[in-house]
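> The opening residue of the sequence shown carries number 3 in our numbering; numbering runs sequentially from there.
Can you keep this structure in mind? I'll have questions shortly.
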Amino acid sequence: MDFELSLQSETVQSAYPQPPREVPPDWSVSRVIRKMREEKTGMLLVVEGGRLRGVFTERDAVQMLASGADLNGPVAASMTPAPVGVGPRAAVGEAIEKMARGGYRHLPVLDGQTPVGIVATKGVVHYLVDHFPDTIYNLPPDPSEPAGDREGA
3 MDFELSLQSE TVQSAYPQPP REVPPDWSVS RVIRKMREEK TGMLLVVEGG RLRGVFTERD
63 AVQMLASGAD LNGPVAASMT PAPVGVGPRA AVGEAIEKMA RGGYRHLPVL DGQTPVGIVA
123 TKGVVHYLVD HFPDTIYNLP PDPSEPAGDR EGA
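Printed below as a string of structure tokens:
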């Protein structure tokens, strides 16, 4: 099946990875949240000396805001350390599997410990639409229900 073959043979570089967006571990959480908003991203990589130390996500920010935590402390104290990532030669299917298993919307792409990109759900969906348009475009909103009457002309 072409679907399976492409997911196992094409690398994450085909899934529209974003450039790595990095912050140092000593930045305050409030500064990191501002950067996330400015860059319109749901995750920033916490990098020190060119090596990935952790990630800070919008989920982390929401939890901190909801709990009334101090946003002036360093992001290193609030980040997720040792995040799951993939290598630049990892298959798209491997990235999808890790994202699904962990409930992640973003995965760092790492060359060793050096971030070289971020695979996001948006890029994976774009990849799937590009490669399998007949499958994607022909699915009804709820595949378990028969299609209703056609709308429009």
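C-beta: ideal position from N, C-alpha, C; glycine also.
No experiment lies behind these values; they were computed from the predicted model shown.
(1) Taking the beta strand (DSSP E) that residue 59 falls in, what are its first and last residues?
(2) May I ask you to verify whether the region 50 to 63 touches the region 121 to 133, counting CB pairs closer than 8 Å and requiring at least 3?
(3) Across which residues does DSSP place residue 24 in a beta bridge pair?
(4) Can you grab the Cα-Cα spacing for the pair residue 147 / residue 100, in whole Å?
(5) Classify residue 90 as buried or exposed, calling it buried when 16 or more other Cβ atoms lie within 10 Å of its own Cβ.
(6) For residue 69, count neighbouring Cβ atoms within 10 angstroms of its own Cβ and tell me buried if that reaches 16, exposed if not.
(7) If you draw a straight line from the alpha carbon of residue 3 to that of residue 132, how long is it in whole angstroms?
(8) Can you tell me which of the three DSSP states residue 73 falls into?
(9) Which residues in the same chain have their Cβ closer than 7 Å to the Cβ of residue 22, if we skip the five residues on either side of it in sequence?
(10) Measure the alpha-carbon distance for residue 87 versus residue 9 and round it to whole angstroms.
(11) What is the residue span of the beta strand (DSSP E) that residue 119 lies within?
(12) Within the same chain, show all residues whose beta-carbon is closer than 8 Å to that of residue 55, passing over the 5 residues directly before and after it, in chain order.
(13) Which one of 76, 135, 44 has the shortest CA to CA distance from residue 109?
According to the structure data:
(1) 53 to 59
(2) no
(3) 47
(4) 30 Å
(5) exposed
(6) exposed
(7) At residue 3 the pLDDT is 44, less than 50, meaning the model places this residue with poor confidence; the figure from the coordinates comes in the next sentence. Taking the straight line from one Cα to the other gives about 16 Å.
(8) coil
(9) 47, 117, 118, 119, 120
(10) 17 Å
(11) 116 to 122
(12) 27, 48, 49, 78, 81, 83
(13) 44
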